[in-house]
Amino acid sequence: MDFSSLRSLITRYCTGEESWVDSRTVYIGNKVPPPGTEAYILQRFPDNRIVSSKYTFWNFIPKNLFEQFRRIANFYFLIIFLVQLIIDTPTSPMTSGLPLFFVITVTAIKQGYEDWIRHKADNAVNQCPVHVIQRGKVERKQSQKLQVGDIVQVKENETFPCDLILLSTSREDGTCFVTTASLDGESSHKTYYAVQDTKAFNTAEEVETLHATIECEQPQPDLYKFVGRINIYLDRNEPIARPLGSENLLLRGATLKNTEYIHAVAIYTGMETKMALNYQSKSQKRSAVEKSMNAYLIVYLCILISKALINTVLKYVWQANPNRDEPWYNQKTETERQRHVLIRAFTDFLAFMVLFNYIIPVSMYVTVEMQKFLGSYFILWDDDMFDEELGERPLVNTSDLNEELGQVEYVFTDKTGTLTENNMELRECCVDGHVYVPHAICNGQILPGAAEMDMIDSSPGIDGKEREELFFRALCLCHTVQVKEEETVDGIKRGIHQGKSTSFYISSSPDEVALVEGMKRLGFTYLRLKDSHMEILNREEEMERFELLEVLNFDSVRRRMSVIVRSSSGEYYLFCKGADSSIFPRVVSGKVEQVRARVEHNAVEGLRTLCVAYKKLTHEEYEQTCHLLSSAKLCLHECDKKLAEAYDVIEKDFILLGATAVEDRLQDKAADTIESLHKAGMKVWVLTGDKMETAAATCYASRLFHRNTQILELTTKRTEEQSLHDVLFDLSRTVLRQHGSMTRDIFSGLSGDYQDYGLIIDGATLSAVLKPTRDVTSNGGNYKEIFLEICRNCSAVLCCRMAPLQKAQIVKLIKASKEHPITLAIGDGANDVSMILEAHVGIGIMGKEGRQAARNSDYAITKFKHLKKMLLVHGHYYYIRIAELVQYFFYKNVCFIFPQFLYQFFCGFSQQPLYDTAYLTLYNISFTSLPILLYSLMEQHINMDILKRDPSLYRDIAKNSLLRWPTFIYWTLLGVFNAVVFFFGAVFLFDNTTFTSNGQLMATNTQMMFGNWTFGTLVFTVLVFTVTLKLALDTHYWTWINHFVIWGSLLFYVIFSLLWGGIIWPFLNYQRMYYVFMQMLSSGPAWLSIILLIIVCLLPDVVKKVLCRALWPTTTERIQNADKLYKGHLSEFTPLSSLQAPPTRKHVRRGNESQNHTHRRSDSSPPKKLMCTYWGGRPDYCTFSSFFRIGENLRFSGAAYAYRAPGPETSV
């Protein structure tokens, strides 16, 4: 049980609530109701304080430490540090304590700063002033001091401080307009209604006289559901009860628009508001790289334990001889002799663990966090991803998943607003078979239907004219569009009608705005809603008024909406519009077949279709309808169910009028992006709530489906003809007949006779597939597995008629499949949040449906086309950088600690450290940390322009290829080899008397100077230079910063060693390194040995790379070769920010860009661009300078390495 639940239980117990009730009573203005009306029960509610921070001033240190030491590496180093404090260990506790303290401090500062930002945001919200009506006056108080029952006054463009029930507004009709973009992602205006009996209380004095109570449900997270009733006490008589629904509830976080002010009563405050209840705790997402790091950590922990165990056993084998156990210079005390051998062995084991513990790189975690945090700014700073229209840059909500962008295998995308612009425009409407095109209309002239359609006739006739005008009136009346009266909108004047004041339409649905604006172009103009009357202007410039009686709002289950209006002549009309599947079954007359044919035609063209119908009501039917609706609305329990039943009774026996077709255009470069993702080896799935025909047309337009794609349907229509079992097995046989076991070649496209499959599934069939089967016969089986097998053999999948929860279920299903692929979900609306949170990587689009998706995502972009660069360039770079960082960290720590292991064989397993304490402490913190950090931030192994042009390069890093076990073992063995060379090379050279003679007289002092610490310093010097130069050899992209950090780190080591051993430091009790480093460097053979050992260590890795590039080059290595091979053809260089081709060669390169990728990567490739940047006076190239000058202009044919002695640069 979490703390909030426990706190709620304690509160209920302390306030005397013996049983939990499912409703609450709110006293408006916190007034006691009139005597004798009802029992007054004081209820306690939380204040209006919002808390999103994680820590407080008092619990920060213990809570943060607890969370940090839950990490295995931190906890391990804490144990090592404690062991060093408790027992006599060969190294100082500072060698483990200082790095651990550094790691813990840096992480705590980072997390503390982030929480401080959250505290500031909370305080800004909680201390925001609000206006409250008390004693008939408007007073100001802080938002956090609001209480349930307070009457609040909110003005235009202000945000609601808590969840409120609307009592009255500045508008006569008691309505107000609200945007809820911060809640559900819908940025359009919504209409909310005041209670009919309280809308006349407009002033503070009048509101103060109101006596009423509200009974409503306890707080629920559902934004669209609210059930309650208000009891209004007038003249101390029986209260008047009125129903309350979601149309009366103003949610915290929403903003008041187009209304001067409102009065409302607080019913849910603080953490009980619907916004707070929807703070969905995001599950911790871990990248594949982090999982590999943890696996490697366990391997190295096992190696560490093995080393300690081996040394402990060998120590007691060595000490079996009494002369070795107690040499004359190290006699044991009596206590040590009496100690049990097992206790001594365990103590020695712990001492060896401490001695070798540096093989676990605790500083790697800090470096990785810094790399992710700093690296995320490259996305923020990318000018190619800046949207000038919105003035927005990409957002990085979490930097923990940067490298996961380079590992994506499945992309799940929404359609509306993601692939399309969500900019609706009415293309045509069809009335009884006659087609009207708004753009082709002049003064309302009719355009006859298209030639391919069988129309009844070419002119509507007299009856048709009446039906046509009734159709236009229906669309002008059946909506929730509001008119915003304003002179200018974003500097642009918009007019409803000539001679009228400038206005524009606002609505929660862009489709509705498109329909109303289309009707205006066809001659019928919606003017306004005034005094519950809707005013429209017909073609004859005559105003018509219809009284709006009831609105049956749209919902996703019915997929239709209706209005009941009364004309000026007293006739009652019920107009309804909705999806064809929800209208046609309820139609009893009309030219259904002609309209159905046009609807299907438009759906195939990718247009969004709606059908329009109506029926006339008698006065008795209207009274019966009102009774049905009011009785359903007054129910506190199962209100939604009873309303749905009432709607079902009311909305039937329609007369079909016609249909509309609205276009939602494809986003710029959306098709190119999807095609690039396919070439990169990713499967793209479209998950949408649209109908199948419309979504399929969009998929063809976006190149998700191609003309030669064989479409497989798994839809309700087909499962009605066959059982689901038969359909699934038929589809399975179809795809497996050709593919067999060749599913791995799905995307290769190498075979010309390869059949491309695309799958279409709808929401109802998906529910049946995911539903667990009870009877599993020999012919049956698990539908889920069969469905996954079909999907794996399809290049693209379209899921239509999807509910938000089903989108998340699809993503979860693919995540849990046996391949465990990396998934990415991208969407722009609140209905996409569930799948964005479910996927490994969630990307939100800052579009027209608000920012809910962007806020809940890991990354946010402004256009779908930016996904291409985010994955193919940024994701590629992030992955290769952090993969090298992880492998390099383990490699350099093996190089560091394995000589210490070997040294024990030469010192009688006495736990004598090879390196000085300062070297042990600073190796990972100072001497070798900055070069790899900078590499992991700036390395570009391939020109970013080439990465965009050749998406297939993305496959080279797929499936965590750079962190697989063979690569890990190679790096580890390379570290062991280097360590052996360090140690035994130093041993061999150290035993040479020529080395120790130093070309001088061999004095006793000199012989003593070249002892234990000199040997360790020699090994450590070779170590630092080798691992740093190894990183330099791996660097392809050089800038002045790389040079400064790499050579600066080596220089810092030398300067530090000179100072550390050249000065007598007063704070040290003993100084064993005094003059050691200087004495070592005063010997010429020492210099020679350092250089020779470095060359011997680096040479095998260089040879291996040369041979691999020459004999088995990867696609990446071929492109690197070609990029360097043709650099002589470039007459000029350009900065990294532009990376444009030189004019003299542009026509040569561009002409070959569309060629096959295999040919483009061959040695006969056209000239490539050479990545460079102007950091200083001369350009630095994406090659690196050789440290050896072998021969004059010598080049090895076919190899990736080339050495040139003269000239400004050499390349490898």
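Counting in the numbering used here, the sequence shown runs from 1002 upward without gaps.
All C-beta atoms, glycine included, are put in the ideal place defined by N, C-alpha and C.
For residue j and residue i, believed in contact at Cβ under 8 Å, the rounded distance
i     : j     : result
V1596 : L1657 : 6 Å
A1884 : L1963 : 4 Å
A1475 : Y1615 : 6 Å
I1837 : T1414 : Incorrect: roughly 11 Å between the Cβ atoms, too far for contact.
L1310 : I1361 : With a Cβ gap of about 16 Å, L1310 and I1361 do not count as contacting.
Q1668 : T1421 : 6 Å
S1364 : V1104 : 6 Å
G1376 : P1439 : Between P1439 and G1376 the Cβ distance is about 50 Å, and since that is not below 8 Å, they are no contact.
Per DSSP, the bridge partner or partners of residue i
i     : result
F1505 : K1485
T1170 : I1263
G1828 : G1845
I1243 : The sequence shown places Arg at residue 1243, not Ile. I1231.
T1160 : T1256
T1526 : L1538
E1216 : T1026 and R1230
Q1143 : P1130
E1548 : H1534 and R1567
D1388 : E1393
L1553 : S1563
R2119 : DSSP output for R2119 lists no bridge partner at all.
I1761 : E1714 and L1799
Q1135 : K1138
Q1154 : H1132 and H1264
Residue i: first and last residue of the uninterrupted alpha helix (DSSP H) it sits in
i     : result
C1577 : Counting along the chain, C1577 falls outside any alpha helix (DSSP H), though it belongs to the beta strand (DSSP E) covering Y1573 to G1579.
Q1912 : No alpha helix (DSSP H) holds Q1912; DSSP gives it neither H nor E.
H2044 : W2041 to G2063
T1766 : G1764 to L1771
H1867 : H1867 to K1870
I1299 : A1289 to W1319
R1882 : H1877 to Y1904
F1788 : Y1784 to R1793
V1589 : Note, V1589: premise wrong, no alpha helix (DSSP H); beta strand (DSSP E) at V1588 to S1590.
Three-state secondary structure assigned by DSSP to residue i
i     : result
Q1756 : coil
E1542 : coil
T2135 : With a pLDDT of 33 at T2135, under the threshold of 50, the modelled position of this residue cannot be trusted, and the question is left open.
N1424 : strand
Y2076 : coil
D1833 : helix
T1180 : strand
R1597 : helix
T1192 : strand
S1779 : Any answer about S1779 is weak, because its pLDDT of 39 lies below 50 and its placement is not dependable; what the coordinates show is given next. Coil at S1779, not helix or strand.
I1958 : helix
L1435 : According to the sequence as given, residue 1435 is His; it is not Leu. In this structure, H1435 counts as strand in the three-state DSSP scheme.
C1479 : coil
P2207 : Residue placement at P2207 is flagged as unreliable, the pLDDT there being 31, under the threshold of 50; a coordinate-derived value is accordingly withheld.
The beta strand (DSSP E) enclosing residue i, as first and last residue numbers
i     : result
R2110 : It is not in any beta strand (DSSP E) - R2110 instead sits in the alpha helix (DSSP H) that spans G2085 to L2112.
M1562 : R1561 to R1567
E1714 : Q1711 to L1715
Y1936 : Taken as a continuous stretch (DSSP letters only), Y1936 belongs to no beta strand (DSSP E), being part of the alpha helix (DSSP H) at S1930 to M1939.
R1609 : R1609 to L1618
F1413 : Y1411 to T1414
I1815 : Element bounds for I1815: not the beta strand (DSSP E) but the alpha helix (DSSP H), P1805 to K1816.
Near the ligand MG: residue i beta-carbon under 7 Å from a heavy atom
i     : result
F1928 : As far as ligands go, the structure on display features none, and thus does not contain the ligand MG.
Check: What are the start and end residues of each continuous alpha helix (DSSP H) run of 4 or more residues lying completely inside the region 1333-1381, in chain order?
Finding: 1335-1339, 1342-1357, 1364-1376 and 1378-1381
Note to self: For a minimum of 3 consecutive residues, which ranges assigned as the beta strand (DSSP E) are wholly contained in the region 1634-1701?
What the structure shows: 1655-1667 and 1684-1688
Note to self: Threshold first: 4 residues or longer. Then list the alpha helix (DSSP H) segments lying entirely within the region 1032-1095, N to C.
What the structure shows: 1061-1069 and 1073-1087
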